[in-house]
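Sequence order for the protein chains is Y and R. Counting in our numbering, the first sequence runs from -4 upward without gaps. Counting in our numbering, the second sequence runs from -4 upward without gaps. Ideal Cβ placement from N, Cα and C applies to all residues, glycine included. These figures come from a predicted structure and were not determined experimentally.
2 protein chains.
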Amino acid sequence: MTVRNKLGAQALLWTCGTSSEELREVIIRAAAIGYEILELVFPDPDAIDVNAVRVFLQDAGIGVTGATALAPSSDISSEDSTISARGEEILRKAVRAVAELGGTQLCGMLCSALHKYSSPATETGRANSVAALRRVADYADGFGISLCSEIVNRYETNLVNTTEQGLALLKDIARPNVKLHLDTYHMNIEESSMEGAVLMAGDRLGYVHVGESNRGYLGSGNVDFASFLRTLLLGGYTGPIVFESFSSAVLEPSVSSQLCVWRNVWDNSDDLAAHAYAYLTTAVESAERGLRGYRWAGSQPLGGKRDLPGPGGKQ
Amino acid sequence: MTVRNKLGAQALLWTCGTSSEELREVIIRAAAIGYEILELVFPDPDAIDVNAVRVFLQDAGIGVTGATALAPSSDISSEDSTISARGEEILRKAVRAVAELGGTQLCGMLCSALHKYSSPATETGRANSVAALRRVADYADGFGISLCSEIVNRYETNLVNTTEQGLALLKDIARPNVKLHLDTYHMNIEESSMEGAVLMAGDRLGYVHVGESNRGYLGSGNVDFASFLRTLLLGGYTGPIVFESFSSAVLEPSVSSQLCVWRNVWDNSDDLAAHAYAYLTTAVESAERGLRGYRWAGSQPLGGKRDLPGPGGKQ
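Here is the structure:
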């Protein structure tokens, strides 16, 4: 039985570096483990030599997605139009980088800065975010790119912390190529029901991060991945399932501190990534086996693309 | 069958206020629901008229504990000795307030500020925290007060995020009246095993907060309270079990923003608190029933005080 969702690894499992040599090494390692997607992270899309990296990806036979996280100085939800415009420009560059790399999805913290805010979001700030994402979505549509706006916890944004809020944002943006990016690490903090969130997101779910509650090895914390994955598959989600985990053994100190990684739960990238690949492969296979014969009565599969396998694993 | 752990409610369920009139109202409401302990929070211990409040507590027949949370300007883990000294003075005042109120425990964020740090803890800062807590512990011992140092998540301290780190801190402080304060909200983010954390804390566990993963109604999120409470009781924990939950319907805006409460999951304090009381009472009773006949083979019950009920509920 083959897992049909593409399993991915985020480049930050190995390095924060953006040089072609560093990314070539990451691409080779991720592909060697078996990952079908590498998620490249662009704090600065200009820093990557997309032509060189595209060739490395092709040589390794691995797909690509892009991720970014806006900073306070480039926060599209800012009330300051200069700051918001700077963020919009970064998102456009990131869209272009994903397109040039051969990808179709830009995910991550798109709708505000990844930042501990000191006051609630404002109506004006939210309106700026909606307007900017609408323009970036139209730009991205020209490249066949979807924006997948990540829902993160309260300590990393004040704008959208739950799927319900994310769907409300998407409704206001009103562009079909803007979708939700759910992440189990954040859902464990914010969602009352992880299963409810997945089914509520429905066909607006575009991207999934699997991260453990302690951001370490999958299965070493409090997230019920079996239930989460079963619900994803029950809803017919066909998109990427990408593993994320952080350690200051790999991250630059500034990134570690931004993410509050004060203690390391791993130091061996390859071991961590190989474990996650094996964990996800078996967990998704188990979920598919457990769901044989069940079909979701919802009107639209998640992602809008496929049904569950039929009884006996036939498709 | 009677629940023997005292069930408590934190005053912030009803108000951030510290006037005698406000606290009198809270005391009456908490006692009316059935809570046996009210946890009063002192950002500024001087703000409370302890003599008036002690009488209200006695009149209502409810016990009291104290909690505080140091600010960056009074952070005992600061490398700046002026700031550290300011924090130590606040802790001493809080100890004195608890004693004058008739309590025996000061809990909360004692070892550092409750704050999103922008860099890792330093050796000097940690040493300052250890030295200050040792002196405050000796001061507290004169009043028969225990300090219960809360373990909070990465976004609220850089010093101690897990039970393992907390025990290391306690070892360095080397004072028997300094204990751990565990909180399920934070454990859900940081601990690889909530059950493991409880049993590892052992007889150094002094205080427990039950908070849901979304900080709302108990049972409405991802915390497995049945397993957590069974483990607490299996280990023989006899200390307080105190409910904490936050809403900007009640909190002052500055406190709401400090805690990143950007959306409200409740607005009726009495309904929330009564629900939590009923939830905890039935959950603890169920845990005790489920554990009849089991005894923990550990050398010391948690808190060092009692065994589990014997078979058939005999004690």
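Fill in: Local conformation of residue 68(Y) per DSSP, three classes
Numbered from its first residue, the first sequence carries residue 68(Y) at position 73. Helix, per DSSP.
Practice prompt. Within its chain, find whatever has a CB closer than 7 Å to the CB of residue 72(R); leave out the 5 residues flanking it on each side and keep chain order.
Written response: As a working note, residue 72(R) is residue 77 in the second sequence. Residues 106, 107, 116, 120, 121, 123, 124, 154 of the same chain have their beta carbon placed closer than 7 Å to that of residue 72(R), with the five preceding and five following residues left out of the count.
Worksheet item: Taking buried to mean at least 16 other C-beta atoms within 10 Å of its own C-beta, is residue 60(R) buried or exposed?
Response: Translated into positions along the second sequence, residue 60(R) becomes position 65. Looking at its Cβ environment, which holds 16 or more other Cβ atoms inside 10 Å, residue 60(R) is buried.
Worksheet item: Quick one: what's residue 236(R) bridged to in DSSP?
Response: Start at 1 with the first residue of the second sequence, and residue 236(R) comes out as number 241. In the DSSP assignment, the residues bridged to residue 236(R) are 2(R), 203(R).
Discussion item. I want to see whether chain Y comes within less than 7 Å of residue 274(R), judged by CB atoms only; does it?
Written reply: Translated into the one-based positions of the second sequence, residue 274(R) becomes position 279. So, not an interface residue.
Worksheet item: Looking at residue 216(R) and residue 187(Y), is the spacing between their C-beta atoms short of 7 Å?
Response: One-based indexing of the first sequence puts residue 187(Y) at position 192. One-based indexing of the second sequence puts residue 216(R) at position 221. Yes, these two residues count as a Cβ contact at 7 Å.
Item to complete: Check distances from the C-beta atoms of the region 201 to 224 of chain R to those of chain Y and list, in chain order, the residues that come in under 7 Å.
Response: If the cut-off is 7 Å between Cβ atoms, the region 201 to 224 of chain R has 208, 209, 215, 216, 217 near chain Y.
Item to complete: Could you check what DSSP says for residue 32(Y) in three-state terms: helix, strand or coil?
Response: Locating residue 32(Y) in the first sequence gives position 37, counting from the first residue. The three-state secondary structure of residue 32(Y), taken from DSSP, is strand.
Worksheet item: Cα separation between residue 30(Y) and residue 51(Y)?
Response: The count along the first sequence starts at 1 and reaches residue 30(Y) at position 35. The count along the first sequence starts at 1 and reaches residue 51(Y) at position 56. Near 15 Å, if we compare the C-alpha coordinates of residue 51(Y) and residue 30(Y).
Worksheet item: Quick one: which chain R residues come within Cβ less than 7 Å of residue 123(Y)?
Response: In the first sequence, counting from the first residue as 1, residue 123(Y) sits at position 128. Ordered by position in chain R, no residue passes the 7 Å Cβ test against residue 123(Y), which lies about 17 Å from the chain.
Worksheet item: Counting pairs of Cβ atoms below 8 Å between the region 271 to 291 of chain R and the region 235 to 242 of chain R, do you hit three or more?
Response: Touching, per the Cβ criterion.
Item to complete: Spell out whether any CB of chain R is found under 7 Å from the CB atom of residue 306(Y).
Response: Working through the first sequence from its first residue, we reach residue 306(Y) at position 311. Residue placement at residue 306(Y) cannot be trusted, given a pLDDT of 37 that sits under 50; the coordinates are not used to answer.
Practice prompt. Determine the burial state of residue 307(R): buried for a count of at least 16 other Cβ atoms within 10 Å of its Cβ, exposed for fewer.
Written response: If you number the second sequence from 1, residue 307(R) lands on position 312. Summary for residue 307(R): the model assigns pLDDT 37, below 50, so the residue's position carries little reliability; its value from the coordinates is reported in the next sentence. With fewer than 16 other Cβ atoms from the protein chains shown falling within 10 Å of its own Cβ, residue 307(R) counts as exposed.
Worksheet item: Which first and last residues belong to the beta strand (DSSP E) in which residue 103(R) is found?
Response: The residue you call residue 103(R) lines up with position 108 of the second sequence. Start and end: 100 to 108.
Discussion item. So, for residue 250(R): in the same chain, excluding its five sequence neighbours on each side, which residues have a beta-carbon less than 7 Å away from its beta-carbon?
Written reply: For the purposes of this step, residue 250(R) is identified with residue 255 of the second sequence, where counting begins at 1. If we look at residue 250(R) and ignore the five residues flanking it on each side, its Cβ neighbours are 11.
Worksheet item: Using CA coordinates, which residue listed in 242(R), 260(R), 261(R) is at the minimum distance from residue 252(R)?
Response: Within the second sequence, residue 252(R) is the residue found at index 257, counting from 1. The closest CA to that of residue 252(R), considering only 242(R), 260(R), 261(R), is found on 242(R).
Fill in: Same chain, Cβ closer than 7 Å to residue 49(R), five either side skipped, listed in chain order
Against the second sequence, residue 49(R) aligns to sequence position 54. Closer than 7 Å at the Cβ level, and outside the excluded window around residue 49(R), lie 95, 96, 97.
Discussion item. Is the separation between the beta-carbon of residue 292(R) and that of residue 224(R) shorter than 7 Å?
Written reply: Indexing the second sequence from 1 puts residue 292(R) at position 297. Indexing the second sequence from 1 puts residue 224(R) at position 229. For residue 292(R) and residue 224(R), no; Cβs fall outside 7 Å.
Worksheet item: So what does DSSP say about residue 151(R), is it helix, strand or coil?
Response: Indexing the second sequence from 1 puts residue 151(R) at position 156. It is coil, neither helix nor strand.
Discussion item. Could you check whether the Cβ of residue 289(R) sits closer than 7 Å to any Cβ belonging to chain C?
Written reply: The structure shown contains no chain C; its protein chains are Y and R.
Item to complete: Pull up the distance between the alpha-carbon of residue 263(Y) and that of residue 204(Y), whole angstroms please.
Response: Walking along the first sequence from the start, residue 263(Y) turns up at place 268. Walking along the first sequence from the start, residue 204(Y) turns up at place 209. About 20 Å.
Practice prompt. Taking only beta-carbon positions, decide if residue 301(R) is within less than 7 Å of chain Y.
Written response: Locating residue 301(R) in the second sequence gives position 306, counting from the first residue. At residue 301(R) the pLDDT is 45, less than 50, meaning the model places this residue with poor confidence; the figure from the coordinates comes in the next sentence. Chain Y places no beta carbon closer than 7 Å to that of residue 301(R), leaving this residue out of the contacts.
Worksheet item: Closest by CA to residue 19(Y), which one among 44(Y), 37(Y), 38(Y)?
Response: Translated into positions along the first sequence, residue 19(Y) becomes position 24. It is 44(Y) whose Cα lies nearest to the Cα of residue 19(Y).
Worksheet entry | Through-space distance from residue 8(R) to residue 38(R), alpha-carbon basis | Along the second sequence, read from residue 1 onward, the residue named residue 38(R) stands at position 43. Along the second sequence, read from residue 1 onward, the residue named residue 8(R) stands at position 13. Rounded to the nearest angstrom, the two C-alpha atoms are 15 Å apart.
Fill in: In DSSP terms, what residue 61(Y) is bridged to
In the first sequence, residue 61(Y) corresponds to position 66, counting from 1. DSSP output for residue 61(Y) lists 35(Y), 101(Y) as bridge partner(s).
Worksheet item: Can you list the residues of chain R that residue 187(Y) reaches, using a CB-CB cut of under 7 Å?
Response: As a first step, residue 187(Y) is located in the first sequence; it is residue number 192 there, counting from the start. Ordered by position in chain R, the residues that pass the 7 Å Cβ test against residue 187(Y) are 209, 215, 216.
Discussion item. Based on DSSP bridge pairs, tell me the residues matched to residue 143(Y).
Written reply: For the purposes of this step, residue 143(Y) is identified with residue 148 of the first sequence, where counting begins at 1. Paired residue(s): 102(Y), 174(Y).
Worksheet item: Going by C-alpha distance, which of 131(Y), 206(Y), 128(Y), 66(Y) is nearest residue 220(Y)?
Response: On the first sequence, position 225 is the one that residue 220(Y) refers to. Distances from the CA of residue 220(Y) to each of 131(Y), 206(Y), 128(Y), 66(Y) were compared; the closest alpha carbon is that of 206(Y).
Worksheet item: Is any beta-carbon of chain Y found at less than 7 Å from that of residue 166(R)?
Response: Mapped onto the second sequence, residue 166(R) falls at position 171. Closer than 7 Å: no.
Worksheet item: At a CB-CB cut-off below 7 Å, which residues of chain Y make contact with residue 114(R)?
Response: Numbered from its first residue, the second sequence carries residue 114(R) at position 119. Result: 252.
Discussion item. Please return the same chain residues whose Cβ sits closer than 7 Å to the Cβ of residue 131(R), not counting the five positions on each side in sequence.
Written reply: By 1-based counting over the second sequence, the position of residue 131(R) is 136. Hits under 7 Å: 83, 86, 87, 90, 142.
Worksheet item: Taking Cβ-Cβ distances below 7 Å as the criterion, which residues of the region 167 to 186 of chain R are in contact with chain Y?
Response: Of all residues in the region 167 to 186 of chain R, 183, 184, 185 have a Cβ within less than 7 Å of some Cβ in chain Y.
Worksheet entry | Straight-line Cα distance separating residue 156(R) from residue 245(Y) | By one-based count along the first sequence, residue 245(Y) stands at place 250. By one-based count along the second sequence, residue 156(R) stands at place 161. Using only the alpha carbons, I get a separation of about 20 Å.
Item to complete: Determine whether the Cβ of residue 261(R) lies closer than 7 Å to any Cβ atom of chain Y.
Response: In the second sequence, the residue the question calls residue 261(R) occupies position 266. It does not; no Cβ of chain Y falls within 7 Å.
Discussion item. By the 8 Å beta-carbon criterion, what residues does the region 71 to 89 of chain R contribute toward chain Y?
Written reply: Within the region 71 to 89 of chain R, no residue has a Cβ that lies closer than 8 Å to any Cβ of chain Y.
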